[in-house]
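Peer 1: Sharing a structure, written as structure tokens. Questions coming.
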Amino acid sequence: MKVIDLTHTISENMPVYPGTEKPKLEVASTYEKDGFKETLLIMFSHTGTHMDSPSHLFSQRTTLDSFNAEQFVGKGIVVDCSNLKEGQKITMKYIEAVKEKADIAQYILFYTGWDKYWGTDAYFGNYPYITEEVAEYLIKSKKKGVGIDVIGIDPIKDENLTIHKKLFAETDIVVIENLTSLDKVGNDIFTFCALPIKFKDSDGAPVRAIAILED
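Residues 201 to 415 in my numbering are what the sequence shown spells out, letter by letter.
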């Protein structure tokens with residue numbers, strides 16, 4: 201068994217969505233004074249590699265803490281979209297190229313290679329994003345979730361969050377954003393785990409996302 205970490209590390213100088221405050225990691229207890237170390241974490245719920253729930257956009261929809269834990273584990277497939285250039289769309293042709301595996305998978309993860317810009321201003325530029333047709337496929341095929349290695353599944357300029365709304369309006373699906381290292385997973389079905397912090401009425405939460413590959 202091989203485990204691949206798909207998660208960015210949370211730090212005070214990490215990239216955050218434009219307009220959001222960066223996280224704070226304050227030393228609350230020290231070895232010298234208290235005999236142990238403890239850290240006070242202050243951050244927004246959509247910091248770093250994180251998961252969105254339907255309640256992120258709709259007040260009466262499902263929160264992360266109300267999902268069964270089974271929701272956060274499933275068969276995954278990485279769809280290679282790394283040939284796309286700035287602002288280009290992830291269309292159904294990428295799904296069609298791996299259709300048999302995509303239909304089996306419960307999580308579809310799109311590899312754009314955009315994580316190479318993590319820590320630079322370019323990360324918040326015109327990254328590739330999924331189309332409404334792809335969103336419709338995710339809904340109709342009843343996927344547990346969709347993930348991507350950019351800041352969002354909608355283009356940065358779409359303040360209406362069209363794709364998010366299409367997915368979350370009536371479907372209990374989760375969205376994982378800011379993934380990394382998807383290029384290390386390969387193109388076979390694997391076990392995907394993305395476990396969010398469990399807090400009350402959670403609209404979203406940081407996750408530790410991993411890929412488990414069988415030998």
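C-beta atoms are modelled at their ideal positions from N, C-alpha and C, and glycine is treated no differently.
1. Mind checking which residues open and close the alpha helix (DSSP H) that includes V334?
2. Could you check how far apart the C-beta atoms of K299 and I389 are, in whole angstroms? I think they sit under 8 Å.
3. For the beta strand (DSSP E) holding I308, just list the boundary residues, first then last.
4. Below 9 Å between beta carbons: does that hold for D315 and S381?
5. Starting from M243, follow the alpha helix (DSSP H) in both directions and report where the run begins and ends.
6. Roughly how many whole angstroms lie between the Cα atoms of G345 and D415?
7. Assuming D303 is part of the alpha helix (DSSP H), what are its boundary residues?
8. May I have the straight-line CA-CA distance separating Q288 from E332, to the nearest angstrom?
9. Going by beta carbon distance, what residues of the same chain come within less than 8 Å of I330, once the five residues before and after it are set aside?
10. State the beta-bridge partners of R408 as determined by DSSP.
11. Would you list, in sequence order, the uninterrupted alpha helix (DSSP H) runs of no fewer than 4 residues that lie entirely inside the stretch 224–285?
12. Quick check: the Cα distance between F399 and L338, rounded to an integer number of angstroms?
13. Counting only the same chain and skipping the five closest in sequence on each side, list residues whose C-beta sits under 8 Å from that of T312.
14. Out of T320, S266 and V334, which has the shortest C-alpha to C-alpha gap to E296?
15. Checking the sheet assignment: what are the DSSP bridge partners for Y329?
Peer 2: Concretely, from the data shown:
1. Position 134 of the sequence shown, counted from the first residue, corresponds to residue 334. Segment E332 to K340, the alpha helix (DSSP H) holding V334.
2. Within the sequence shown, residue 299 is the residue found at index 99, counting from 1. Within the sequence shown, residue 389 is the residue found at index 189, counting from 1. Not really, about 13 Å apart at Cβ, beyond 8 Å.
3. Translated into the one-based positions of the sequence shown, residue 308 becomes position 108. First-last of the beta strand (DSSP E) with I308: Y307 to Y311.
4. Residue numbering aside, residue 315 sits at position 115 when the sequence shown is read from its first letter. Residue numbering aside, residue 381 sits at position 181 when the sequence shown is read from its first letter. Taking 9 Å as the Cβ cut-off, D315 and S381 qualify as a contacting pair.
5. Position 43 of the sequence shown holds residue 243. It is not in any alpha helix (DSSP H) - M243 carries neither H nor E in the DSSP assignment.
6. Along the sequence shown, read from residue 1 onward, the residue named residue 345 stands at position 145. Along the sequence shown, read from residue 1 onward, the residue named residue 415 stands at position 215. For G345 and D415, the distance between alpha carbons rounds to 25 Å.
7. If you number the sequence shown from 1, residue 303 lands on position 103. Here the alpha helix (DSSP H) through D303 covers K299 to I304.
8. Start at 1 with the first residue of the sequence shown, and residue 288 comes out as number 88. Start at 1 with the first residue of the sequence shown, and residue 332 comes out as number 132. Distance between the alpha carbons of Q288 and E332 is about 14 Å.
9. One-based indexing of the sequence shown puts residue 330 at position 130. Contacts found: K289, I290, F310, V346, I348, I353 and I363.
10. Position 208 of the sequence shown holds residue 408. In DSSP, R408 forms a bridge with L395.
11. 231–234
12. One-based indexing of the sequence shown puts residue 399 at position 199. One-based indexing of the sequence shown puts residue 338 at position 138. In a straight line, the C-alpha of F399 is about 27 Å away from that of L338.
13. The count along the sequence shown starts at 1 and reaches residue 312 at position 112. The answer, listed in chain order, is C281, S282, L284, I290, Y327, P328, I348, D349 and V350.
14. The residue labelled residue 296 in the question sits at position 96 within the sequence shown. Answer by Cα proximity: V334.
15. Counting from 1 along the sequence shown, the entry for residue 329 is found at position 129. Answer is K289, bridged to Y329.
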